[in-house]
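Remarks on the structure that follows.
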Amino acid sequence: MRIVSLTCAVACFLVSCSSDNSALVETSVRLDSVQQIAQNYGAQSGLEWQSNKISQVLQAHRESLASIYDFRSFLIDAHILPPVLQETKKDVSLSASENTLRISDMTVEITQPARFVTAPPVWYEYIQVAHATPNLPQVSLLPQNQFERDLWDEAVVQGWTMGVDQANEILMAGIHRLNRDFLGMVLFHRLYEQGLVSRPFSSKTELGITGNSHKVVVGDQVVRMSQQSELLVDNSAYWEPLVVKSTDALSGFSYEAEG
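Sequential numbering from 213 applies to the sequence shown in my numbering.
Laid out in structure tokens, this is it:
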């Protein structure tokens, strides 16, 4: 009888411990979920809030930005967008064996070839602003006591800051792409004027009237890129370090979070 009683007591103790551990695990999982959901909600809210601020500022300056970032003047033969060039000053590279150092005053390369466009790019195509409205979490995942509310509030603030930072990062990435392409085309035209890069050429085939009994095309033409731009390295006497001034008209459009 004593053995049976002892066995029952041990069994009851183990069941009790197992039940307590399960409750602790369940509580821990819920708190983690509440914290994560609150942080996500805060991040989405911060992203939307800051994105709206950025949109308002961009909208207020849309005319001046369109004037500054005017790609129309870059077009060649109406439909060819020139290549994008990149200039690097004072480049230093080390060989894999680390026994050779290569130093250059300037490096110029074509990073994007010329291409056909039906319309020139515009500045706002480069700047993507997020406008997603945050979704309110399910009621069962909202805080249910003071401890969870405190945890929720703290996580929302953390998420909010993350969302604002993300909106600014998206803006700055767009500004970088815009300036990269715009200044790269400025550099192309400057080098072309100095005889250091060739222009792209296209060829046109006149097809006349084409079609069938259901559709007729009059003045049908096919235009192809027949020659891409090339850097004229043989004109060594004309290669000198070039200066292309920054056109970063959007550099001040990043904002810290306000209350």
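Backbone N, C-alpha and C fix where the C-beta goes; we use that ideal spot for every residue, glycine too. In this text, all values refer to a predicted model and were calculated from it rather than measured experimentally.
With contact defined as three or more Cβ pairs closer than 8 Å, the region 385–392 and the region 262–273 are not in contact. Around the beta-carbon of Y450, fewer than 16 other beta-carbon atoms lie within 10 Å, marking it exposed.
Around the beta carbon of F394, 16 or more other beta carbons lie within 10 angstroms, which makes this residue buried. Apart from the 5 residues on each side of it in sequence, D432 sits with its Cβ closer than 6 Å to the Cβ of L419, T422 in its chain, given in chain order. Sorting Q406, H401, H426, N447 by C-alpha distance to the C-alpha of L293 places H401 at the top. Note that the C-beta distance between Y281 and W364 is not below 8 Å. Of the residues assessed, P295 falls on the buried side of the cut-off, its CB having 16 or more other CB atoms within 10 angstroms.
A distance below 7 Å between beta-carbons, with the five flanking residues on each side excluded, links Y404 to the following residues of its chain, in chain order: R411. Taking the Cα positions, L297 is about 8 Å away from V398. Nearest in C-alpha terms to Y253, of all of Q406, N357, A367, A278, is A367.
Distance between A308 and T319, taken at the CA atoms: about 20 Å. The three-state reading of DSSP puts Q324 in strand, counting E and B together. In the three-state scheme derived from DSSP, where H, G and I count as helix and E and B as strand, G423 is classed as strand. One Cα belongs to V241, the other to D303, and the distance between them is close to 52 Å.
The beta carbon of Q440 is closer than 7 Å to those of P325, A326, P412 in its chain, skipping five residues each way along the sequence.
Of the residues I339, A290, D317, A344, the one whose Cα lies closest to the Cα of G258 is A344. Taking a C-beta distance under 8 Å as the contact criterion, L443 and I315 do not qualify as a contact pair. Q256 sits buried, since 16 or more C-beta atoms from the chains shown fall within 10 Å of its C-beta.
S263 sits in a helix when the DSSP states are folded into three classes.
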